[in-house]
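>
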Ligand SMILES: Cc1ncc(COP(=O)(O)O)c(C=O)c1O
Ligand SMILES: Cc1ncc(COP(=O)(O)O)c(C=O)c1O
């Protein structure tokens, strides 16, 4: 069966060139970069080269890059490390209701420790009101944390403007750029961010490696105490092969950024338009202006059906996508992002995300457009919410119909 | 040039069979194990298989294993997570002066937050006094953290006895078993530990992956907040290939434990005896009883010379070892382990660790024994501390000579 | 994640649909939980002669709905009332742990339909 | 980590040893820091005619000691006093950052030896 992978916001395949540069570090160059002998020297240069490659992609200095194990670690490090380092300055953090759990759960944890968190609401398109953000700032505010782009909707947030607000008030600014890096130009200096997180496995590097940008001069308490690795900013033996892979992936992402984005954008637009045209009773989740979403992301709800059952049906066709349904989120609630956007709950359960990659082909998209409408219809025919006026009036159906 | 790698306590080569099982997860099975579609299903089973393999090596249940990114993360998680979860019960932690920095620095950080830490001293052989440990327990004690085996000396601590003391007082027991696993039988149930840390790259798995054993029912605050991975105990997308590799490495370690230990032991003993016999003015660091040290570890100081310069000389012969010298530790002080054992400071600077692996050969050892004595002598001839009575009396030399 | 039996019932659900002039109709679940099951019954002389279902929900919800219809047809009302959610999930060779709470409601829906039937026929 | 020049001077150190009846002897560093350098001078009519060293320390300590002996021989006392640790490390194409503090003391040892010489000849 043909396999069509449209879940690149969840994770991406390792790029063959990335794997190629990694392999010598599993086979021959196995040293610990902290060692002074040949085995250590063979690898320490490779770590520094990767640091330069990562830095170049986001216009940082190599010394500002700290290697970490995943995006979640970076978000925890940035936020908890700021809370601890700047506790004497204040106890207020501003973030949004649509952040990744790595940010939201970290903030919830800090609430228990006496921090006040403002979770900025979003509108029905999932966008922020910057005037509200500015109004939320108090003399206790030590951090603004806003993601560069949302993993579920693909919405892009106005990072440069937020950076300007942060600068105006002299407040530290962290951005979770896990979904933005590799899909959009990311320039830490232009954006005015102090802390930025990226994750390898979203950009063709392997799972288990990421990077935290720490602007020079930013006081940040480490999350992992111990050895002197990463100049005391992150203890633990380096994931050498992973780091080398991340460097290469960043280099490739920079080289092919424009071309990959254009390619994904064209196919995403085709998929989006095709679905909107072919499947009735749908709701696009995220900003209606396609320029304000990541070029690869489409999130859409199909009324009357539930997301996991749609995913399983698509999966039988070899199509991999994801859903905001509770049944796939690991929690009992559907996606908090859909909730924040006031998406009606049964539509939230049916929200379906297609996220394209550089390898996605026109045939992939054509095939999805070929099988999706009938698949949705088949599930609708099974749904008590669909067309239920035939039997008896049902409050639930009325709610859905109103959308 | 022949390469002789005697720094296996720093890191080990990836076992070819380990790499082999990892590769499909870089090439074909790239999914996110949290995904419900084919790409996710292809890998989620592999994670669970690895969990079983890790659990089997230490006699735990698979559900008690949490995958992490390195040993340092595990130690931070175990100690900070306990401090936070049991803060209401007490604020006292007992550990030792010879722990890895991942434990020591973590404890130092907790001191700033109002915790009292007892750092148990060791004797000149590097061993603990268990009566002192027991005496240190107060009604505020929430954790005892003692490493299973020391990375520098190879000293093995009486974990079962310490576990019995912890049980007697109902205190949680954490052990950093990073150096013990794969070299000694490790049984979490017999040892009575609640938390145990192991790191992949010390046992033939790649860098960037490890495991934390959390005994069922042990309340532990996560270090990484976020998604639902690892049943809420560690957020972040799984390092799938690394985890698969760790599983295989644990399986291999279990299968070959006895034979590998015997092999390393024989060669280590030969090296040890050879050096003690051939190089005068030396000092063995660690327990003189070879049964009470890891079968692969030898730490020895050569009076009058400094460790890094010896390492560099050995390196020119292709021999990789490590040193407790400040010059290789990343800090300005020589090894804290040597300090804790009251090793005189210039001897601490010259402490040299040879740590063997399963791949070490008789020829490797013979070659070291062939070149080491003359290398030491050459550096001694350059040293103002050596034979300095010829010129003028020097307090320093007297100190060294007294040892 | 799902057993082969679950996937079979999910892929080829038995007895999907509605029964016009059903003798009993039962509905359980709600949209916020992500699962709604509706069961329609035909009863003849205390024996369930036909069952149909409509379900909004995940794979487990659809499979358990399908399974309960197969299990109920031919049973007496009393026998059908003895059917438990647990029995349904066992008949499917089990469900993932996280599905037991929300999606394993098919027997409840059947019981609701029986209640509705009894209410009508009383 | 180390430049080729450092490795050259470390591997083949110049002027290792002691000078019997030296005109000046200087020692800097201490064992707790891990580096001790001792410099022996022969001076003839205000010109340094011979220098030897003994060093306990890391690669950088040995290389800087070796380098400073080469740099000092043939210099006048005043020229030798103008030699800085910085100049020594530059002559070696630089040292790793963490080595600048502790191991780059060779010029200091030379200066100590000159002080000792001046004290004696005064
Ligand atoms: C005893 C001990 N604990 C902890 C660690 C830290 O492990 P990792 O390097 O995987 O963070 C090491 C290894 O350096 C070690 O030897
Ligand atoms: C926006 C965002 N932040 C953080 C993360 C967490 O990254 P990781 O899975 O590498 O921990 C993800 C990916 O899941 C993400 O999409």
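Residue numbers (my numbering), protein chains in the order written: chain A, 1 to 403; chain B, 1001 to 1403; chain C, 2001 to 2122; chain D, 3001 to 3122. All C-beta atoms in this analysis are idealised placements derived from N, C-alpha and C, irrespective of residue type, glycine included.
(1) Which residue marks the beginning of the beta strand (DSSP E) containing residue 213 (chain A), and which one marks its end?
(2) For the region 232-244 of chain A, list every residue whose C-beta sits within 7 Å of some C-beta in chain B, in sequence order.
(3) What number of angstroms, rounded off, separates the C-alpha of residue 3011 (chain D) from the C-alpha of residue 1219 (chain B)?
(4) For residue 54 (chain A), which of A:113, A:334 and A:214 has the nearest alpha-carbon?
(5) Under the assumption that residue 3069 (chain D) contacts residue 3104 (chain D) (Cβ atoms under 8 Å), give the Cβ distance between them as a whole number of angstroms.
(6) Which one or two residues does DSSP pair with residue 351 (chain A) in a beta bridge?
(7) Quick check on the DSSP output: the alpha helix (DSSP H) that includes residue 260 (chain A) runs from which residue to which?
(8) Quick check: is the beta carbon of residue 1345 (chain B) nearer than 7 Å to any beta carbon in chain D?
(9) Roughly how many angstroms separate the alpha carbons of residue 1132 (chain B) and residue 1103 (chain B), rounded to a whole number?
(10) Could you check whether residue 1110 (chain B) and residue 1120 (chain B) sit closer than 7 Å to each other, using their CB atoms as the reference points?
(11) Measuring only between beta-carbons, confirm whether residue 402 (chain A) sits less than 7 Å from chain C.
(12) Are the beta-carbon atoms of residue 406 (chain A) and residue 351 (chain A) separated by less than 7 Å?
(13) Would you list the residues sitting across from residue 1120 (chain B) in a DSSP beta bridge?
(14) Unbroken alpha helix (DSSP H) runs of length 4 or more, entirely within the region 140-184 of chain A: which are they?
(15) I'd like the span of the beta strand (DSSP E) that includes residue 2029 (chain C), first residue to last.
(16) At a cut-off of 6 Å, would you count residue 1199 (chain B) as near ligand 1, judging by its Cβ distance to the nearest heavy atom?
(17) Are any of the Cβ atoms in chain D nearer than 7 Å to that of residue 1308 (chain B)?
(18) Applying the 10 Å Cβ sphere with the 16-neighbour rule, what's the burial state of residue 230 (chain A)?
(19) With distances taken from each beta carbon to the nearest heavy atom of ligand 1, which residues come in below 5 Å, in chain order?
(20) What did DSSP end up calling residue 1066 (chain B) once you bin it into helix, strand or coil?
(21) Between which two residues does the beta strand (DSSP E) containing residue 2050 (chain C) stretch?
(22) Thinking C-beta only, is residue 184 (chain A) closer than 7 Å to residue 197 (chain A)?
(23) Give the secondary structure of residue 1282 (chain B) by DSSP, where H, G and I count as helix, E and B as strand, and everything else as coil.
(24) Residue 322 (chain A) bridges to which residues according to DSSP?
(25) Can you tell me the Cα-Cα spacing of residue 1375 (chain B) and residue 1091 (chain B), whole angstroms?
(26) Hey, could you find the ends of the alpha helix (DSSP H) residue 3077 (chain D) is sitting in?
(27) State the Cα-Cα distance for the pair residue 1039 (chain B) and residue 228 (chain A), rounded to the nearest angstrom.
(28) Whether or not the region 141-150 of chain A and the region 41-51 of chain A are in contact is what I'm after, with contact meaning three or more pairs of Cβ atoms, one per stretch, closer than 8 Å; do they touch?
(29) Between the alpha carbons of residue 403 (chain A) and residue 364 (chain A), how many angstroms are there, rounded?
(30) List, in order along the chain, the chain A residues whose C-beta lies closer than 7 Å to that of residue 2038 (chain C)?
(31) Starting from residue 1058 (chain B), trace the alpha helix (DSSP H) in both directions and tell me its first and last residue.
(32) Which residue's Cα is closest to the Cα of residue 260 (chain A): A:96, A:204, A:67 and A:386?
(33) Quick one: what does DSSP say residue 2093 (chain C) is sitting in, helix, strand or coil?
(34) So what does DSSP say about residue 199 (chain A), is it helix, strand or coil?
Let me lay it out:
(1) First-last of the beta strand (DSSP E) with residue 213 (chain A): 210-214.
(2) 235, 236, 237, 238, 239, 240, 241 and 242
(3) 56 Å
(4) Ranked by how close their Cα comes to the Cα of residue 54 (chain A), the residues A:113, A:334 and A:214 have A:214 in first place.
(5) That belief does not hold up - the Cβ atoms of residue 3069 (chain D) and residue 3104 (chain D) are roughly 15 Å apart, past 8 Å.
(6) Answer is A:301, bridged to residue 351 (chain A).
(7) Element bounds for residue 260 (chain A): 240-278.
(8) yes
(9) 20 Å
(10) no
(11) Residue placement at residue 402 (chain A) is poorly supported in this model, since its pLDDT is 44, which falls under 50; the coordinates still yield a value, given next. Answer no: the Cβ-Cβ gap between residue 402 (chain A) and chain C never drops below 7 Å.
(12) Beyond the ends of chain A as shown, which are 1 and 403, falls residue 406 (chain A); an answer cannot be given.
(13) B:1096
(14) 159-169
(15) 2024-2030
(16) yes
(17) yes
(18) buried
(19) Here the residues come out as A:236, A:237, B:1070, B:1071, B:1072, B:1100, B:1102, B:1151, B:1176, B:1178, B:1179 and B:1199.
(20) Correct three-state label for residue 1066 (chain B): strand.
(21) 2047-2056
(22) no
(23) strand
(24) A:353
(25) 50 Å
(26) 3077-3081
(27) Taking the CA atoms as reference points, residue 1039 (chain B) sits about 38 Å from residue 228 (chain A).
(28) Output reads no: the region 141-150 of chain A does not touch the region 41-51 of chain A.
(29) Bear in mind that the predicted position of residue 403 (chain A) carries a pLDDT of just 43, short of 50, making it unreliable; the figure below should be weighed with that in mind. Straight-line spacing of the CA atoms in residue 403 (chain A) and residue 364 (chain A) works out to 30 Å.
(30) 384
(31) 1038-1058
(32) A:204
(33) coil
(34) strand
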